[in-house]
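Each residue of the sequence shown is one higher than the one before, counting from 28 in the working numbering. Every residue gets a Cβ at the ideal spot worked out from N, C-alpha and C, and that includes glycine.
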Amino acid sequence: MFDALKHIAASGKTIFLVEQNANKALALAHRGYVLVNGAVCLQGTGEQLLANPQVRQAYLGGH
Numbered sequence: 028m029f030d031a032l033k034h035i036a037a038s039g040k041t042i043f044l045v046e047q048n049a050n051k052a053l054a055l056a057h058r059g060y061v062l063v064n065g066a067v068c069l070q071g072t073g074e075q076l077l078a079n080p081q082v083r084q085a086y087l088g089g090h
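This is the structure in structure tokens:
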């Protein structure tokens, strides 16, 4: 699925993705949002969120 999404994104199309696999989703994302109880608590580029210690601990298993 992620290979297909990369292809679609590379064509210039916008993708709105709700995904449980945060590592893969953020690696693909130009922008990402972290929701808690339906409210945005963090936002940034996929790269920024992957590097964020709070995101890493809470959603990426601390890796």
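Boundaries for Val45: no beta strand (DSSP E) harbours it, and the DSSP string shows neither H nor E there. DSSP places Gly71 inside the beta strand (DSSP E), whose first and last residues are 66 to 71. In the displayed model, Leu87 falls within coil according to three-state DSSP, outside both helix and strand. Ala56 places its beta carbon less than 8 angstroms from that of Gly73. The C-beta separation of Val82 from Val61 comes to about 6 angstroms, placing the pair in contact by the 8 angstroms criterion.
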